[in-house]
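J.: Got a structure here, written out as structure tokens. Questions coming.
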Amino acid sequence: MKWRAPLPEAGNSSPIVWGDTVFVTQAVRDGKERTLMAFDQATGKLRWQRGVAYEPEDPRHKTNPHCSASPVTDGERVVASFASAGIVAYDFSGNSLWKADLGPQVHEWGQGCSPVIHGDRVIVYHGPGENSALHALDKRTGEKKWSVPLKEVDPPERFDGFAGQRGGKLGTFSTPLVITSGGRDEIILPVVNRVRAFAPATGLELWNADGMSPLVYSSPTFGEGMLVTYGGFFGSVIYQKPGGAGDVTSKRLFYERKMRKHTIGSPIIKDGHVYLCVTDGFAQCYELATGKMLWEERLPATGAASQAWGSAVLAGDRLYVVNQSGDTFVLRAAPKFQIIATNPLGELSNSTPALSDDEIFLRTHAALYCIAEAKQTASN
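For the numbering used here, add 425 to where a residue sits in the sequence shown, where the first one is 1.
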């Protein structure tokens with residue numbers, strides 16, 4: 426353990442790293458202050474903490490603190506989504522560059538969609554809730570370039586965990602994914618009932634596919650020419666190649682209407698396989714070409730909380746995933762299940778680790794950690 430930096434309150438966002446700086450979003454006074462913190466990568470010392478005050482009582486789920494969206498940077502500016510409190514940008518010294526007000530973002534479970542930088546624009550899904558919309562902002566000024574309202578409509582039939590009910594919870598907590606396929610850039614966003622693709626320059630819809638869940642927690646993944654999208658709360662699974670125009674539902678390569686398990690984390694694609702850690706603490710492996718499950722194994726939690734909300738990350742042939750007990754599991758990314766290591770921190774975590782220069786940066790509800798291999802000292 427290289428260093429441990431205490432955090433003032435619980436949080437579900439994940440750290441990001443650029444050069445010698447680690448950034449993480451942090452709510453203070455249960456969202457009355459929504460801040461961005463910058464830490465020294467080598468020492469864990471807090472360099473600065475900036476943010477905005479927000480007094481209204483935005484609802485949230487008890488397990489989802491405010492500021493659960495992770496920040497994003499292009500090396501010159503750091504952008505964070507503070508939901509109803511606005512989208513903010515700072516330079517690396519903590520100076521405020523701009524703030525964009527996208528209106529209230531109100532959902533009884535809160536927010537979790539992170540901003541994305543693509544070219545000269547910041548892509549933001551401002552939702553879920555009544556004012557849900559996809560926005561593109563100028564990354565230098567915060568000026569709105571385009572907006573696409575994404576009204577959330579209850580489907581005729583619920584097939585997820587709210588099956589048989591009317592008026593169940595709706596919305597996506599997914600972060601938009603920008604991909605390049607067939608020489609064209611596409612913003613991929615799973616929303617209520619559909620997967621949709623938009624043109625980054627204009628916001629015009631390029632294509633859509635039916636069958637997505639009314640609730641979406643995980644973000645889509647693209648790799649080896651395939652787009653993989655999982656719905657939330659025992660929702661649907663869609664594998665398909667991107668591209669096309671209009672309704673491309675008939676071109677889905679694999680579709681599962683209702684998963685046996687609940688999913689929050691996002692999948693990983695490697696060498697023709699899809700790896701996923703579902704919410705109740707099982708790791709899974711699927712064939713990318715067919716959607717066939719190859720293995721499913723429970724991860725051996727060291728504490729009482731075996732659930733996992735964070736996404737797996739990949740380094741070489743190793744997957745790193747953290748559960749709520751603060752156990753980091755290192756798995757082999759292979760069609761045969763293998764646990765390489767289990768490393769407990771003993772603190773609740775709902776976040777995804779960031780890997781940079783052979784170091785692991787991990788956020789728990791109590792602290793930000795840097796974990797690194799011990800440096801070997803040469804001797805004569």
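Backbone N, C-alpha and C fix where the C-beta goes; we use that ideal spot for every residue, glycine too.
Rounded to whole angstroms, what's the CA-CA distance from D455 to L719? Just pull it up for me.
T.: The residue you call residue 455 lines up with position 30 of the sequence shown. The residue you call residue 719 lines up with position 294 of the sequence shown. Cα to Cα, D455 sits roughly 42 Å from L719.
J.: Could you compute how far the alpha carbon of P376 sits from the alpha carbon of K800?
T.: Past the boundaries of the shown model lies residue 376; the chain is included only from 426 to 805, so the question cannot be answered.
J.: Would P481 be called buried (16 or more neighbouring beta carbons within 10 Å of its own) or exposed?
T.: Residue 481 sits at position 56 when you count from the first residue of the sequence shown. The residue in question, P481, is exposed, as its Cβ has fewer than 16 Cβ neighbours within 10 Å.
J.: So, at 8 Å on beta carbons, what are the nonlocal neighbours of R682 in its own chain, with the 5 sequence-adjacent residues on each side left out?
T.: Stepping through the sequence shown from its first residue, residue 682 is reached at position 257. For R682, where only same-chain residues beyond five positions count, the Cβ hits under 8 Å are F584, G636 and S661.
J.: In whole angstroms, what separates the C-alpha of R788 from that of H486?
T.: Looking up residue 788 in the sequence shown gives position 363. Looking up residue 486 in the sequence shown gives position 61. Rounded to the nearest angstrom, the two C-alpha atoms are 19 Å apart.
J.: Pick out the complete beta strand (DSSP E) segments inside the stretch 758 to 799, 3 residues or longer, and give them in chain order.
T.: List check, beta strand (DSSP E) in window: 764 to 769, 779 to 781, 784 to 788 and 792 to 797.
J.: Grouping DSSP H, G and I as helix and E and B as strand, with all else coil, what is A505?
T.: Counted from its first residue, the sequence shown places residue 505 at position 80. A505: strand per DSSP, three-state reduction.
J.: Go to E568, then tell me how far its beta strand (DSSP E) extends in each direction, as first and last residue.
T.: Within the sequence shown, the letter at position 143 stands for residue 568. Looking at the DSSP string, E568 is not in any beta strand (DSSP E), and its letter there is neither H nor E.
J.: Just grab the DSSP bridge partners of R472 for me.
T.: As a working note, residue 472 is residue 47 in the sequence shown. DSSP lists no partner for R472.
J.: Between N520 and V503, what straight-line distance do the alpha-carbon atoms span, to the nearest angstrom?
T.: Taking the first residue of the sequence shown as 1, we reach residue 520 at position 95. Taking the first residue of the sequence shown as 1, we reach residue 503 at position 78. The alpha-carbon atoms of N520 and V503 are separated by roughly 10 Å.
J.: Looking at the secondary structure, which residues open and close the beta strand (DSSP E) in which R743 lies?
T.: Position 318 of the sequence shown, counted from the start, is the residue given in the question as residue 743. Start and end: R743 to V747.
J.: How would you call P440, buried or exposed, if buried means at least 16 neighbouring beta carbons within 10 angstroms?
T.: As a position in the sequence shown, residue 440 is number 15, starting the count at 1. So P440 counts as buried.
J.: What would DSSP say about N805, mapped onto helix, strand or coil?
T.: The residue given as residue 805 occupies position 380 in the sequence shown. Residue placement at N805 is poorly supported in this model, since its pLDDT is 42, which falls under 50; the coordinates still yield a value, given next. Residue state, collapsed to three classes: coil.
J.: Tell me which residues share the same chain as L629 and place their Cβ nearer than 8 Å to its Cβ, disregarding the 5 neighbours each side in the sequence.
T.: Residue 629 sits at position 204 when you count from the first residue of the sequence shown. Cβ neighbours of L629 beyond the five flanking positions: F623.
J.: How far does the beta strand (DSSP E) with W734 in it reach, from first residue to last?
T.: Sequence index remark: in the sequence shown, residue 734 carries index 309 (1-based). Segment: none, W734 is in no beta strand (DSSP E) and carries neither H nor E.
J.: Taking the beta carbon of T468 as the centre, do at least 16 other beta carbons fall within 10 Å, making it buried, or is it exposed?
T.: Position 43 of the sequence shown, counted from the first residue, corresponds to residue 468. So T468 counts as exposed.
J.: Could you check the C-alpha separation between I693 and A525 for me, to the nearest Å?
T.: Position 268 of the sequence shown holds residue 693. Position 100 of the sequence shown holds residue 525. The straight-line gap from Cα to Cα measures roughly 32 Å.
J.: What's the C-alpha gap between V652 and N489?
T.: Walking along the sequence shown from the start, residue 652 turns up at place 227. Walking along the sequence shown from the start, residue 489 turns up at place 64. Sequence check: residue 652 is Leu here, not Val. Looking at the two C-alpha atoms, the distance is approximately 27 Å.
J.: Just how far apart, CA to CA, sit G607 and G668?
T.: For the purposes of this step, residue 607 is taken as the residue at position 182 of the sequence shown. For the purposes of this step, residue 668 is taken as the residue at position 243 of the sequence shown. So the two alpha carbons sit approximately 7 Å from each other.
J.: Within 10 angstroms of the Cβ of V578, are there 16 or more other Cβ atoms? Answer buried if so, exposed if not.
T.: Start at 1 with the first residue of the sequence shown, and residue 578 comes out as number 153. Classification of V578: exposed, given that the 10 Å Cβ count is below 16.
J.: List the whole-angstrom C-beta distance separating P574 from I613, where the pair is believed to meet the contact cut-off of C-beta under 8 Å.
T.: Taking the sequence shown and counting its residues from 1, the one referred to as residue 574 is at position 149. Taking the sequence shown and counting its residues from 1, the one referred to as residue 613 is at position 188. The Cβ separation is near 18 Å, so there is no contact.
J.: Which word fits R621, buried or exposed, when buried means at least 16 other C-beta atoms lie within 10 angstroms of its C-beta?
T.: For this step, residue 621 is matched to residue 196 along the sequence shown. Flag for R621 reads buried.
J.: Would you grab the beta carbon distance between P769 and T704 for me? Rounded to a whole angstrom, and I think it's under 8 Å.
T.: Residue numbering aside, residue 769 sits at position 344 when the sequence shown is read from its first letter. Residue numbering aside, residue 704 sits at position 279 when the sequence shown is read from its first letter. Wrong, their Cβ atoms sit about 19 Å apart, outside the cutoff.
J.: Anyone know if the C-beta pair for I548 and V513 falls short of 8 Å?
T.: Residue 548 sits at position 123 when you count from the first residue of the sequence shown. Residue 513 sits at position 88 when you count from the first residue of the sequence shown. The answer is no: Cβ separation not under 8 Å.
J.: Based on DSSP bridge pairs, tell me the residues matched to P540.
T.: Residue mapping note: residue 540 aligns to position 115 of the sequence shown, counting from 1. According to DSSP, which records beta bridges pairwise, P540 is partnered with nothing at all.
J.: Could you check which residue in S736, F707, K717 and A737 has the C-alpha nearest to that of L724?
T.: Reading the sequence shown from its first residue, position 299 is the one you call residue 724. It is F707 whose Cα lies nearest to the Cα of L724.
J.: Per the contact definition of three or more C-beta pairs closer than 8 Å, is the stretch 526 to 534 in contact with the stretch 445 to 455?
T.: Taking 8 Å as the limit for Cβ pairs, the verdict is that the stretch 526 to 534 does not touch the stretch 445 to 455.
J.: From G552 to G511, what does the alpha carbon distance come to, in whole angstroms?
T.: One-based indexing of the sequence shown puts residue 552 at position 127. One-based indexing of the sequence shown puts residue 511 at position 86. Spanning the two alpha carbons is a distance of roughly 12 Å.
J.: Less than 8 Å between the beta carbons of S810 and T446, yes or no?
T.: The structure shown does not extend to residue 810, since the chain spans only 426 to 805, so no value can be given for it.
J.: Please report the straight-line C-alpha distance between T802 and I796, rounded to a whole angstrom.
T.: Walking along the sequence shown from the start, residue 802 turns up at place 377. Walking along the sequence shown from the start, residue 796 turns up at place 371. Because the pLDDT at T802 is just 49, under 50, the model does not fix this residue reliably, and the point stays unresolved.
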